[in-house]
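Student: Residue numbers (my numbering): 1494 to 1593.
Glycine included, C-beta positions come from ideal geometry on N, C-alpha and C.
Structure below; questions to follow.
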């Protein structure tokens, strides 16, 4: 049996830790949440087409896939590399400026 090496990341490198210590604005938080929800839908769609092998299916697997999809989406969103939250944030700011 091959041995596996598990490298634990320091707490400062875990998701969400890259944000500045200042309080996140409501617009930024809402935009990031939108990005996570959008990415959850995309990840769920991708996972629905993947054969997961020896898992037996059923209701428990469907529930597990939903939680896994959200966790993967949250990690992708936390990296801030897709640009979705930034685009939504800019649109929200522009709307607020035009409206107010």
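Using CA atoms only, rank isn't needed, just tell me which of 1580, 1586, 1532 is closest to residue 1560.
Tutor: When each option's Cα is compared against that of residue 1560, the closest is 1532.
Student: Counting only the same chain and skipping the five closest in sequence on each side, list residues whose C-beta sits under 8 angstroms from that of residue 1527.
Tutor: Cβ neighbours of residue 1527 beyond the five flanking positions: 1577, 1578, 1581.
Student: For the alpha helix (DSSP H) that residue 1552 lies in, which residues bound it at each end?
Tutor: From DSSP, the alpha helix (DSSP H) with residue 1552 extends over 1552-1572.
Student: Below 8 angstroms on the Cβ atoms is my guess for residue 1529 versus residue 1566; work out the distance and round it to an integer in Å.
Tutor: 5 angstroms
Student: Could you check whether residue 1517 and residue 1586 sit closer than 8 angstroms to each other, using their CB atoms as the reference points?
Tutor: no
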